[in-house]
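*Asks:* Pasting in a structure now, in structure tokens, and then I'll have a few things to ask.
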Amino acid sequence: MHVVRTVAVSVFRESVRDRVPYNLVVFAVLLMGASYVLGQLTAGQDVKIIKDLGLAAISIFGLFIAIFIGIGLVSKEVERRSIYALLAKPLSRTQFIIGKYAGLVLTLSVNITVMTLALYLVLAYLGWDQTPAMKAAEEAPILDPALLKAVILIGVELMVVTAVALFFSTFSTPLLSAALTFGLFVAGRFNADLRNFDAVVDSRLTVWVARAAYHVLPDFAAFDVKTEVVHGLPVPLAYVAATTAYGGLYIAALVAAAAVVFSRRDFK
Amino acid sequence: MAAAIRTEALTKDYAVGFWRKRPYRALDALTLDVQAGEVFGFLGPNGAGKTTTLKLLMQLVYPTGGRAEILGRPVGDVATRRRIGYLPENPSFYDHLTAEELLHYFGRLFGYDAADRRRRVSSLLDRVGIGKERRLQLRKYSKGMVQRVGIAQALLNDPEVVFLDEPMSGLDPIGRRDVRALILELRDQGRTVFFSSHILADAEALCSRVAIVAAGRLASIGRLSDLHAFHLRGWEVVVSGLPQDAFDRIRQGAVRATQISPGRYAFELPLDQPPERLLPDLAAAGGSLVSINPVRDSLEDFFMQRVAAVGARDPGARGPEAQNNAARGPAGQSPQAGGSA
Amino acid sequence: MTSLLSRPAGAALAVAALAGAMLVQSARDRWYPRVESIRTGVLYVRSPAAMQRLAFGFRALAADLYWVRAIQHFGGARLETGPDTAGQRYALLYPLLDLATTLDPWFNIAYRFGAIFLGEPPPGGPGRPDQAIALLRKAVVAMPLKWQYYYDVGFVYYWRLRDYKTASEWFQRAAEQPDAPNWLPSLAASMLTRSDDRATARAMWQRLLQSEQDWIRRTADRSLLQIDALDQIDRLDEAIRRVGPDPDGRFSWAFLASRTRLRQVPIDPAQTPYELDPVTGRVRVASTSPLFPMPDETGGGQ
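Chains as they are written, first to last, in my numbering: chain A, -1 to 266; chain U, 12 to 352; chain G, 256 to 557.
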């Protein structure tokens, strides 16, 4: 599979050259600044707010990367026709799609890792100042390893979003792909509401449609354990595993669909 | 001997229009074959279906009907791609990469190790004339340089069959001459070259056989010399330093006379007025000869005849808009491009 | 026209325009002073359910923002002087805390803050123990196994509403939770018997002195000083009754001093002199004292 690896590495290199890592600098600066300001404002809640802000920032920056690089993965290549010379080389269209996806996952992982490290650094700096009494009063340890559970699920969620972006970009323009991916992301975040439609709506047909939609649409709300982790509430590893497995299967479905669509496409 | 390239009734329809999709036949039952070791010219005006054919051969688009084979294997066979090279029309690659990086990237896709890649990349870039620019990002390249890089990437894997779509486009005369030399070199190395062009002179200089397509159909195929002549219509003679009275005298026998600048004139002489007879007159008047070029039927004229022939054989071939497309060939192609004396 | 925008001229024009804009802005701010939206009570999203939708996945962060706003609102209100004629000074405190705790149901600090300060009588707070109880009920639903919130509800009933029976019920429920401290059952019991006992109140506030939150400690400290003041007032009242009014029928410190060993006007634990009502002879804490208003021992604030 060296072909897939080659394509993946080239996607990663392109993202680096595209100045994507600079958002990490923004992230780090944002956190540093926030930690100082918030310490003044929050009557002693700065650890909670840093964790909340840090996890939210990882989620949002990661989302931007996933959508904006994801949609360009295929559409950009088709639009500027660099794909013509590429597909004449000994790689199948499916290998191309998988390689592109793997490259984006690699980019995302590196970015998320760096942002998580930055978050832990800021928390360590904050914890340095605190007395043991203050530390004992926190709901969760300042350098809580459980934060990683939230980060892992954020990562898997973003990989699903990436797969969605990849899928749309195999057949539509970058702008439309971005809109559709973002729309699906929002719908997926509200997914939990669809499940409980029968409590709200009377029509059986609507309930049935909502239930079906709940299962078909990606259930992004399930990946959100940020609040629990920050409050030190237990998040079972089994839950993380099950949700990751769900994400993995959903990704497989999307990548397969993308490969199918892409394989039959005419490049005019 | 097995054909290097073969198509059988290869057809491609596109659906056009917004509401009622009408099929537009870009290529209609193309059947041809190319023998190994040939330099095969695939000629036609813009919109004739040349690029469509190449895309069908590269499986960038899928045929509506018919089939095609390269080196005995159906088109799209991934293993065969190790033995072919392709230069797309007006190629564009990855702006953020340098020429070297691009070739290394493709080289990795072929599975070459680092040493092998370095050797291939450096020798190819030398061969196509990219010097120290090879370390600059492609976004900074001129069109001609991108074209050269395109040729380099098409040859990276020592292909047995090379497909070139409009290889001369974007090149200055020196570049075109280089590419011609390169194609002949490839032929001498025993490779098969399939290239498309709308410039007849290129085909004349290089090809053993040609196929001519117009409006999506094959109009002729065979040796250039066998194809019915591109009629010689006359000569164009450009002179300079000619005084007015000599000009007035000479223009009597000419079909057309234009002034390029004071003292510099172009005459179009009819077939029965060979330019040799003009020369003594010219010398006596104190002028000098700048160039002589044959005036032939343009490729467009030839195609108009061919298309008319095709149309007569088979009315309703494609539709009026397609005929207009075919007729709107390259702008003003007379006289034929050639060298200056 | 193009020559007008040559480089140095264009740059100078840009800088001058920006400076002009800044001057106009300062002038406008002087003529039409900006009013903080926090103070005027503008809350764009009032409904917690709506905010939950809007936050879609960043609820905890939105909760944090509302918490920060709540503190700023409270702090700003505390600093204001003059009468609160419209009763609007703390109007946003409960909505902000409600939003924060709906978005993040485990937002402990927000619940505790509301528990203590929503019940605080004016000018220190909105004087709404009902809001405090509503907030704490949400906490009890979200974290039914934590004894602290049942305890906090009981505390509000005890301290602010003087409803000892209900307070005892809540303390009892707190005692039933896992990890409940062992002094809870006896507290529940003593609620029913000596419920106006200052010793009990002192004990409850003493516990709060151990809190890690600075503002809880300060509140506990103040309340303890108030209880001390109540003791002092009792003794002063006793002394005045013994001495009685002066020959004109009026009560005064001077007359008291002439009949006792009192040397100067007695001061409360916050170093502010007590006031003596000349007609009724009752001693009370001055309205200028930091301890004002004193907790009313018959129910409600002063």
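A virtual CB, placed ideally from N, CA and C, is assigned to each residue, including glycine.
#1: Locate the alpha helix (DSSP H) running through asparagine 57(U), then write down its first and last residues.
#2: Report yes or no: is there a C-beta of chain G within less than 9 Å of the C-beta of valine 120(A)?
#3: Is it the case that the Cβ atoms of leucine 117(A) and isoleucine 63(A) are separated by a distance below 9 Å?
#4: Cα separation between proline 331(U) and tyrosine 35(U)?
#5: Which of the three DSSP states is assigned to asparagine 109(A) in this structure?
#6: What's the gap between the Cα of leucine 293(U) and the Cα of proline 170(U)?
#7: Thinking C-beta only, is isoleucine 95(U) closer than 9 Å to alanine 86(A)?
#8: So, do the stretch 87 to 107 of chain A and the stretch 6 to 18 of chain A have three or more beta carbon pairs nearer to each other than 8 Å?
#9: Cβ of aspartate 16(A) within 9 Å of Cβ of isoleucine 81(A)?
#10: How is the alpha helix (DSSP H) around leucine 300(U) delimited, first residue to last?
#11: Between phenylalanine 313(G) and chain A, is there a C-beta pair that is closer than 9 Å?
#12: When you check each C-beta in the stretch 66 to 83 of chain U against every C-beta of chain A, which residues fall closer than 8 Å?
#13: Evaluate contact between the stretch 51 to 61 of chain U and the stretch 79 to 87 of chain U, counting only Cβ atoms and requiring at least three cross-stretch pairs below 8 Å.
#14: Using a Cβ-Cβ cut-off of 6 Å (strictly less than) and excluding sequence neighbours within five positions of alanine 54(A), which residues of its own chain qualify?
#15: Using DSSP with H/G/I as helix, E/B as strand and the rest coil, what is alanine 328(U)?
#16: Between proline 440(G) and alanine 430(G), which are expected to be in contact by the criterion C-beta below 8 Å, what is the C-beta distance as a whole number of angstroms?
#17: For the stretch 404 to 422 of chain G, list every residue whose C-beta sits within 9 Å of some C-beta in chain A, in sequence order.
#18: Beta-carbon separation of methionine 179(U) and valine 190(U) under 9 Å?
#19: Of all the residues that make up the stretch 336 to 362 of chain G, which are near chain A by a beta-carbon distance shorter than 7 Å?
#20: Using a threshold of 9 Å, state whether the C-beta atoms of proline 545(G) and arginine 477(G) are closer than that.
#21: With 9 Å set as the bound, which would you pick, yes or no: does the beta-carbon of glutamate 209(A) sit closer than that to a beta-carbon of chain U?
#22: Are the beta-carbon atoms belonging to alanine 318(G) and phenylalanine 362(G) less than 9 Å from one another?
#23: Tell me which residue opens and which closes the alpha helix (DSSP H) that lysine 154(U) is part of.
#24: Which residues does DSSP list as the beta-bridge partners of valine 248(U)?
#25: Once the 5 residues before and after aspartate 558(G) are set aside, which same chain residues still bring their CB inside 7 Å of it?
#26: Please list the residues of the stretch 74 to 88 of chain A that have a C-beta atom closer than 7 Å to any C-beta atom in chain C, keeping them in chain order.
#27: Is there a Cβ of chain U sitting closer than 9 Å to that of lysine 98(A), yes or no?
#28: Nearest to alanine 304(G) by alpha carbon, out of Asp353(G), Glu335(G), Leu447(G)?
#29: With 9 Å set as the bound, which would you pick, yes or no: does the beta-carbon of leucine 98(U) sit closer than that to a beta-carbon of chain A?
#30: Should threonine 105(A) be flagged as near chain U, meaning a C-beta pair shorter than 9 Å?
#31: Against chain A, with Cβ distances strictly below 9 Å, would isoleucine 95(U) count as a contact?
#32: Any beta-carbon of chain A closer than 9 Å to the one on glutamine 432(G)?
#33: Just the chain A side, please: which residues come within less than 7 Å of glutamate 467(G) by C-beta, in chain order?
#34: For a contact defined as C-beta to C-beta under 8 Å, what are the partners of proline 286(U) on chain A?
#35: Taking histidine 0(A) as the query, report the chain U residues whose CB atoms sit under 7 Å from its CB, ordered along the chain.
#36: Say whether chain U places a C-beta atom closer than 9 Å to the C-beta of threonine 4(A).
*Replies:* Reading from the atomic positions:
#1: Start at 1 with the first residue of the second sequence, and residue 57(U) comes out as number 46. Neither: asparagine 57(U) is in no alpha helix (DSSP H) and is coded neither H nor E.
#2: Numbered from its first residue, the first sequence carries residue 120(A) at position 122. Output row for valine 120(A): interface = no.
#3: In the first sequence, counting from the first residue as 1, residue 117(A) sits at position 119. In the first sequence, counting from the first residue as 1, residue 63(A) sits at position 65. It is not a contact, given that the beta carbons lie outside the stated cut-off.
#4: As a position in the second sequence, residue 331(U) is number 320, starting the count at 1. As a position in the second sequence, residue 35(U) is number 24, starting the count at 1. Since pLDDT at proline 331(U) reaches only 39, below the 50 mark, its modelled position is unreliable, and the value read off the structure follows with that caveat. Cα to Cα, proline 331(U) sits roughly 11 Å from tyrosine 35(U).
#5: If you number the first sequence from 1, residue 109(A) lands on position 111. Asparagine 109(A): helix per DSSP, three-state reduction.
#6: Against the second sequence, residue 293(U) aligns to sequence position 282. Against the second sequence, residue 170(U) aligns to sequence position 159. Going from the Cα of leucine 293(U) to the Cα of proline 170(U) covers about 53 Å.
#7: Taking the first residue of the first sequence as 1, we reach residue 86(A) at position 88. Taking the first residue of the second sequence as 1, we reach residue 95(U) at position 84. Yes.
#8: yes
#9: For this step, residue 16(A) is matched to residue 18 along the first sequence. For this step, residue 81(A) is matched to residue 83 along the first sequence. No.
#10: In the second sequence, the residue the question calls residue 300(U) occupies position 289. Not the alpha helix (DSSP H): leucine 300(U) falls in the beta strand (DSSP E), residues 299 to 307.
#11: One-based indexing of the third sequence puts residue 313(G) at position 58. By this cut-off, phenylalanine 313(G) is an interface position.
#12: Lys66, Met69, Gln70, Leu71, Val72, Tyr73
#13: no
#14: Start at 1 with the first residue of the first sequence, and residue 54(A) comes out as number 56. Hits under 6 Å: none found.
#15: Position 317 of the second sequence, counting from 1, holds the residue named residue 328(U). At alanine 328(U) the pLDDT is 47, less than 50, meaning the model places this residue with poor confidence; the figure from the coordinates comes in the next sentence. Here alanine 328(U) sits in coil by DSSP.
#16: The residue given as residue 440(G) occupies position 185 in the third sequence. The residue given as residue 430(G) occupies position 175 in the third sequence. Sure, about 5 Å apart at Cβ, within 8 Å.
#17: none
#18: For the purposes of this step, residue 179(U) is identified with residue 168 of the second sequence, where counting begins at 1. For the purposes of this step, residue 190(U) is identified with residue 179 of the second sequence, where counting begins at 1. Against a cut-off of 9 Å, the Cβ pair of valine 190(U) and methionine 179(U) comes out as a contact.
#19: Asp359, Trp361
#20: By one-based count along the third sequence, residue 545(G) stands at place 290. By one-based count along the third sequence, residue 477(G) stands at place 222. Contact: yes.
#21: Position 211 of the first sequence, counted from the start, is the residue given in the question as residue 209(A). Note that residue 209(A) corresponds to arginine in the displayed sequence, not to glutamate. Cβ-Cβ to chain U under 9 Å: no for arginine 209(A).
#22: Sequence index remark: in the third sequence, residue 318(G) carries index 63 (1-based). Sequence index remark: in the third sequence, residue 362(G) carries index 107 (1-based). In contact: alanine 318(G) and phenylalanine 362(G) (Cβ atoms closer than 9 Å).
#23: The residue you call residue 154(U) lines up with position 143 of the second sequence. It spans 154 to 165 - the alpha helix (DSSP H) in which lysine 154(U) sits, taken as one unbroken run.
#24: For the purposes of this step, residue 248(U) is identified with residue 237 of the second sequence, where counting begins at 1. Paired residues: Phe278(U), Ile303(U).
#25: Any question about residue 558(G) goes unanswered here, given that chain G covers just 256 to 557.
#26: Absent from the structure: chain C. Protein chains present are A, U and G.
#27: Position 100 of the first sequence holds residue 98(A). So, not an interface residue.
#28: Here residue 304(G) corresponds to residue number 49 of the third sequence, with the count starting at 1. Taking only the C-alpha atoms, the option nearest alanine 304(G) is Asp353(G).
#29: One-based indexing of the second sequence puts residue 98(U) at position 87. It does: the Cβ of leucine 98(U) has a partner Cβ on chain A nearer than 9 Å.
#30: Position 107 of the first sequence, counted from the first residue, corresponds to residue 105(A). No, no contact with chain U.
#31: Numbered from 1 along the second sequence, position 84 holds the residue referred to as residue 95(U). Cβ-Cβ to chain A under 9 Å: yes for isoleucine 95(U).
#32: Taking the third sequence and counting its residues from 1, the one referred to as residue 432(G) is at position 177. So no, glutamine 432(G) is outside the interface.
#33: For the purposes of this step, residue 467(G) is identified with residue 212 of the third sequence, where counting begins at 1. Within 7 Å Cβ-Cβ: Ala131, Met132, Ala135.
#34: One-based indexing of the second sequence puts residue 286(U) at position 275. Chain A residues near proline 286(U): none, gap ~46 Å exceeds 8 Å.
#35: Counting from 1 along the first sequence, the entry for residue 0(A) is found at position 2. Going along chain U in sequence order, the residues near histidine 0(A) (Cβ under 7 Å) are Gly122.
#36: As a working note, residue 4(A) is residue 6 in the first sequence. Taking Cβ atoms only, chain U reaches closer than 9 Å to threonine 4(A), which makes this a yes.
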